[in-house]
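Chemist: Below is one structure. I have some questions about it.
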Amino acid sequence: MDTTARIIEKHDLTDVTKLFVVHAPLVARNAAPGQFVILRVAETGERIPISIMDFSRAAGTITIVIQVVGRTSALACALQVGEEFLDFAGPLGQEVPLPAAGHAVLLGGGFGTGAMFPLARELRSRGVRVSSIIGARTRDLVILADLLATQSDELHVCTDDGSLGYHGFVTGRLEELLDAGAAFTHCFAVGPMPMMRAVANATRRRGLPTMVSLDPLMVDGTGMCGGCRVSVGGKSLFACVDGPFFDGHQVDFDEADDRLTTYAEQEKLACELTGLGR
Amino acid sequence: MPIVYPHKTAMPCRDPEERRRSWDEVAEGYTVERAIAEARRCLSCQDPVCEQGCPVNVPIRDFVRHVALGDFAGAAAAIRRRNLLPAICGRVCPVEHQCELRCVLAPRQDPVGIGRLERFVADWERKNGNGETAAGEVWRDQKIAIVGSGPAGLTVASDLAQLGYPVTIFEALHAFGGVLRYGIPQYRLPKEIVDEDVAHLVALGVEFVRDVIIGKTVTIDQLFGELGYSAVFVGTGAGSPVFMNIPGENLKGIYSANEFLTRVNLMHAYSFPEYDTPIRRPNRAAVIGAGDTAMDAARCSIRLGAGEAHIVYRRSEREKGARTEDYERAREEGVIFDWLTLPKRFLGDENGWVRGIECIRTELGEPDESGRRRPVPVPGSEFTMEADVVVLALGTNPNPLVPQATYDLEVDSHGCIVADPQTGATSREGVFAGGDIVTGAATVILAMGAGRRAAVAIHEYLQQRTAEKAASR
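In structure tokens, the structure reads:
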């Protein structure tokens, strides 16, 4: 059985953010919106979870977006068309529960924008109205706006420095739209932890149901280690098998954010030693 | 009448001080002389009751007799008739509860060192290249899928491949062996041995596929349907960690034993930064639990540099689950045992790191449903134990991925797949199961025994299907 995962397309979304179309028919066969893969790029390497941005059962492809953060993501981003990921296991996690009607607002922060795409497409195919709000620090870091626009009824771009679109955070734009009377029935957010926390706080006040995609540290990704445990509504759940999407109003973001720093020192050391990552 | 020495021939071990900083194998194994001396202690009983204690019925009397005569190839051949993973079993079997428990010498003196002899023979065979790895011939057309490459799956694969079936093993991780790979540390079971056993099966014609999570990548229905398998064996093990559900459990520095050992064994975190996966190196480690896994976690903590490694257990030494040998080795390496101690909550520092455990002393009351005396907290005996790494070795639950994703597969209230103990047959036709996914967390050899019985049953099932097909034509 062929489990190779060959890169058939690569696009530079920014200097540090790359999009890969990977031929992995076995993974594509059962993939669904909201799921992720675990990949490895070196025999001495770690296993890292990456959201599935797009999948095509017909073409047997999985599309992912990787941003250089540490050593492993740096090595992954250096791969070229024709090369293979050493390991590419999935699809993992639960399919995100999506509504069949209503008006969804989708928020993507940084490279989390990619993970919004399969949700937008599936929601639209179900007849749900989709408003997308995506954000980045500055205009050069805004990614996938054109692609997401094809699956959105409206698209709002935000930059922290005002160099493109709305000047401010995605939550600012969200609150503006809500204040102006937008009748959103569902909210989905993928991005850095502070952004998802801010979105959840904003929507909690207004009673707008919100799902966030958590990206904690993982090892196996199959429910074996419990390293990815997160507190949701006072219960400890595993992001890899119970998530990655959870009710944003129930997530203990302080704890989740803090657990991400477990290996900050080692990550810094690994990057310094190899001159990779940032 | 031979002179029988009352004590087991000692097995050379590395010095405990040296062990504290080394991942090399602790026990060095018998020399030829020691093996022969130990084998000569065997009485070659008319009725070898020791063999009844072995879940895979290794012909113990025969192989030991070969060793006593210096015929190690003969001994290896005898073992291989029943056990294809002797180098592993000779190291990790809880022999004192199995074959050696039944040895007729045992009431008055040490039993024959069957485990040590099995290991000696297997290692001799590895070194002398006498492994019977004649290339297998796959001549049948009914394909068999095996889910999980742990001890149960490897045994089923080997038995069915030898019968000529095309066998595929699907493994979720990137390396094969299941708990032999991610759970048991290098100093107790060198991974080269697991690699060799996998290579044996490849030579037999078994196909190994990594990175495939059955229930996610491919479902059981898809195995039968589009992928054309005729039977499936589920040996996915008890991989789901148990937590205590007490306050502070999600502080940084608190690991499940599965995570701690997987980082160390599968991911080589002890070699960070040559390997990329990190681990928090403990100064003062506390391991909660007293089974084999707890011993492994405590001994790994010491090797990772911990000045102190504690085993914290709510019952007493008598109730511990660990094998005697590993317990003794842990003691030699300086592990400190805090018996009759129950954690109540974990204490953190201002940066979210665990800094200690609030514990309470216990005393033993009446036996509970497990037959062991129940720990009862002693009021007012609370105290704080310092720890900067905590490992929870409280046991594991069955891995839920396959049962969750498989229609009509019956599970019990613990999440274990319900399977016939004699055949491994489940509620789904053509699906068999064995090992920890059926029994809950148990031992390597019990999983192998279940795999052996399931292989026989799968063969019978497929023969019967072939006969039915022929009859209906």
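Line by line, the protein sequences are chains U and W.
Plus 650 on top of the position in the first sequence (first one is 1) and you've got the working numbering.
Plus 270 on top of the position in the second sequence (first one is 1) and you've got the working numbering.
C-beta atoms are modelled at their ideal positions from N, C-alpha and C, and glycine is treated no differently.
Is DSSP giving residue 661 of chain U helix, strand or coil here?
Modeler: Locating residue 661 of chain U in the first sequence gives position 11, where the first residue counts as 1. Three-state result, residue 661 of chain U: strand.
Chemist: In terms of residue numbering, what span does the alpha helix (DSSP H) encompassing residue 408 of chain W cover?
Modeler: Taking the first residue of the second sequence as position 1, residue 408 of chain W is located at position 138. Where residue 408 of chain W is concerned, there is no enclosing alpha helix (DSSP H), given that its DSSP letter is neither H nor E.
Chemist: What are the complete alpha helix (DSSP H) segments, minimum 4 residues, inside the region 861-912 of chain U?
Modeler: 889-892 and 903-909
Chemist: Quick one: what's residue 701 of chain W bridged to in DSSP?
Modeler: Position 431 of the second sequence, counting from 1, holds the residue named residue 701 of chain W. Residue 701 of chain W is bridged to W:502.
Chemist: I'd like the span of the alpha helix (DSSP H) that includes residue 775 of chain U, first residue to last.
Modeler: Stepping through the first sequence from its first residue, residue 775 of chain U is reached at position 125. For residue 775 of chain U, the enclosing alpha helix (DSSP H) starts and ends at 763-775.
Chemist: Taking the alpha-carbon of residue 758 of chain U as reference, which of U:778, U:886 and U:786 has the nearest alpha-carbon?
Modeler: As a position in the first sequence, residue 758 of chain U is number 108, starting the count at 1. Per the Cα distances, U:786.
Chemist: DSSP three-state call for residue 749 of chain W: helix, strand or coil?
Modeler: No statement about residue 749 of chain W is possible, as the shown extent of chain W runs from 271 to 743 and does not include it.
Chemist: Could you work out which residues of chain U lie near residue 430 of chain W, taking near to mean beta carbons separated by less than 9 Å?
Modeler: Here the question's residue 430 of chain W lines up with position 160 in the second sequence. Result: empty, since nearest Cβ-Cβ is about 17 Å, beyond 9 Å.
Chemist: Cβ atoms of residue 422 of chain W and residue 706 of chain W: under 9 Å apart, would you say?
Modeler: Translated into positions along the second sequence, residue 706 of chain W becomes position 436. Translated into positions along the second sequence, residue 422 of chain W becomes position 152. Taking 9 Å as the Cβ cut-off, residue 706 of chain W and residue 422 of chain W qualify as a contacting pair.
Chemist: At what residue ranges does the region 764-844 of chain U contain a whole run of the beta strand (DSSP E), taking only runs of 3 or more?
Modeler: Entirely contained in the region 764-844 of chain U, the beta strand (DSSP E) runs reaching 3 residues are, in chain order, 779-786, 804-809 and 836-840.
Chemist: Give a yes or no on whether the C-beta atoms belonging to residue 876 of chain U and residue 616 of chain W are separated by under 9 Å.
Modeler: In the first sequence, the residue the question calls residue 876 of chain U occupies position 226. In the second sequence, the residue the question calls residue 616 of chain W occupies position 346. Cβ atoms of residue 876 of chain U and residue 616 of chain W: not closer than 9 Å.
Chemist: Is it buried or exposed, residue 444 of chain W, if we count other Cβ atoms within 10 angstroms and call 16 or more buried?
Modeler: In the second sequence, counting from the first residue as 1, residue 444 of chain W sits at position 174. Answer is buried; the Cβ neighbour count reaches 16.
Chemist: Exposed or buried, what is residue 897 of chain U when buried is set at 16 or more other beta-carbons lying within 10 Å of its beta-carbon?
Modeler: As a working mapping, residue 897 of chain U is identified with position 247 in the first sequence. With fewer than 16 other Cβ atoms within 10 Å, it is exposed.
Chemist: For a minimum of 4 consecutive residues, which ranges assigned as the alpha helix (DSSP H) are wholly contained in the region 562-649 of chain W?
Modeler: 562-573 and 594-602
Chemist: Pick helix, strand or coil for residue 473 of chain W, following the three-state DSSP scheme.
Modeler: Translated into positions along the second sequence, residue 473 of chain W becomes position 203. Residue 473 of chain W: helix per DSSP, three-state reduction.
Chemist: Are any of the Cβ atoms in chain W nearer than 9 Å to that of residue 733 of chain U?
Modeler: The sequence position of residue 733 of chain U within the first sequence is 83, counting from 1. Judged by the 9 Å Cβ criterion, residue 733 of chain U is not in contact with chain W.
Chemist: Would you say residue 563 of chain W lies against chain C (beta-carbon separation less than 9 Å)?
Modeler: Considering every chain present, this structure includes no chain C. Its protein chains are U and W.
Chemist: For residue 535 of chain W, does the count of other Cβ atoms within 10 angstroms reach 16, so buried, or fall short, so exposed?
Modeler: For this step, residue 535 of chain W is matched to residue 265 along the second sequence. Buried, since its Cβ has 16 or more Cβ neighbours within 10 Å.
Chemist: When burial is assigned at 16 or more other CB atoms within 10 Å of the CB, is residue 836 of chain U buried or exposed?
Modeler: Walking along the first sequence from the start, residue 836 of chain U turns up at place 186. Counting Cβ neighbours within 10 Å, residue 836 of chain U comes out buried, since at least 16 surround it.
Chemist: Shorter than 9 Å from the beta carbon of residue 483 of chain W to some beta carbon of chain U?
Modeler: Position 213 of the second sequence, counted from the first residue, corresponds to residue 483 of chain W. At least one chain U Cβ lies under 9 Å of residue 483 of chain W.
Chemist: For residue 758 of chain U, write down the residues that DSSP places opposite it in a beta bridge.
Modeler: The residue you call residue 758 of chain U lines up with position 108 of the first sequence. Residue 758 of chain U pairs with U:784 and U:840.
Chemist: Can you give me the start and stop residues for the beta strand (DSSP E) that residue 717 of chain U sits inside?
Modeler: Here residue 717 of chain U corresponds to residue number 67 of the first sequence, with the count starting at 1. 711-717 is the span of the beta strand (DSSP E), which, as asked, contains residue 717 of chain U.
Chemist: Can you pull the chain U residues whose beta carbon is under 7 Å from the beta carbon of residue 545 of chain W, in chain order?
Modeler: Indexing the second sequence from 1 puts residue 545 of chain W at position 275. Those are 694, listed as they occur along chain U.
Chemist: State whether the region 713-732 of chain U contacts the region 741-753 of chain U, with contact taken as three or more CB pairs (one from each stretch) at a distance under 8 Å.
Modeler: Three or more beta-carbon pairs separated by less than 8 Å are not found between the region 713-732 of chain U and the region 741-753 of chain U, which leaves the two stretches without contact.
Chemist: Give the straight-line distance between the Cα atoms of residue 834 of chain U and residue 511 of chain W, rounded to the nearest whole angstrom.
Modeler: Position 184 of the first sequence, counted from the first residue, corresponds to residue 834 of chain U. Position 241 of the second sequence, counted from the first residue, corresponds to residue 511 of chain W. If you take the alpha carbons of residue 834 of chain U and residue 511 of chain W, they lie about 39 Å apart.
Chemist: Could you have a look at residue 703 of chain U and say whether DSSP puts it in helix, strand or coil?
Modeler: Residue mapping note: residue 703 of chain U aligns to position 53 of the first sequence, counting from 1. Secondary structure at residue 703 of chain U: strand, using DSSP grouped into helix, strand and coil.
Chemist: Along chain U, which residues have their Cβ under 8 Å away from the Cβ of residue 511 of chain W?
Modeler: By 1-based counting over the second sequence, the position of residue 511 of chain W is 241. Result: 874, 875 and 876.
Chemist: At 4 residues or longer, what runs of the alpha helix (DSSP H) sit wholly inside the region 312-342 of chain W?
Modeler: 330-338
Chemist: Can the beta-carbon of residue 504 of chain W be found closer than 9 Å to that of residue 524 of chain W?
Modeler: Counting from 1 along the second sequence, the entry for residue 504 of chain W is found at position 234. Counting from 1 along the second sequence, the entry for residue 524 of chain W is found at position 254. Against a cut-off of 9 Å, the Cβ pair of residue 524 of chain W and residue 504 of chain W comes out as no contact.
Chemist: Assess contact between the region 586-601 of chain W and the region 555-563 of chain W, defined as three or more Cβ pairs (one per stretch) separated by less than 8 Å. Is contact present?
Modeler: Contact holds: three or more Cβ-Cβ distances are below 8 Å.
Chemist: Which residue from W:607, W:667, W:341 and W:333 puts its Cα closest to that of residue 711 of chain W?
Modeler: Within the second sequence, numbered from 1, the residue matching residue 711 of chain W stands at position 441. It is W:667 whose Cα lies nearest to the Cα of residue 711 of chain W.
Chemist: For residue 874 of chain U, does the count of other Cβ atoms within 10 angstroms reach 16, so buried, or fall short, so exposed?
Modeler: Taking the first sequence and counting its residues from 1, one reaches residue 874 of chain U at position 224. It is buried - the Cβ of residue 874 of chain U has at least 16 other Cβ atoms within 10 Å.
Chemist: Any idea if residue 590 of chain W is buried or exposed, counting beta-carbon neighbours within 10 angstroms, 16 or more meaning buried?
Modeler: Taking the first residue of the second sequence as 1, we reach residue 590 of chain W at position 320. Buried, since its Cβ has 16 or more Cβ neighbours within 10 Å.
Chemist: Please confirm if residue 434 of chain W has its CB atom under 9 Å from at least one CB of chain U.
Modeler: In the second sequence, the residue the question calls residue 434 of chain W occupies position 164. For residue 434 of chain W, not one C-beta of chain U is nearer than 9 Å to its own C-beta.
Chemist: CB-CB under 7 Å to residue 858 of chain U, same chain, minus the five flanking residues each way: which ones, in chain order?
Modeler: Locating residue 858 of chain U in the first sequence gives position 208, counting from the first residue. Answer for residue 858 of chain U: 834 and 837, listed in chain order.
Chemist: In this structure, how does DSSP classify residue 688 of chain W when only helix, strand and coil are distinguished?
Modeler: Residue numbering aside, residue 688 of chain W sits at position 418 when the second sequence is read from its first letter. The answer is coil: DSSP assigns residue 688 of chain W none of H, G, I, E or B.
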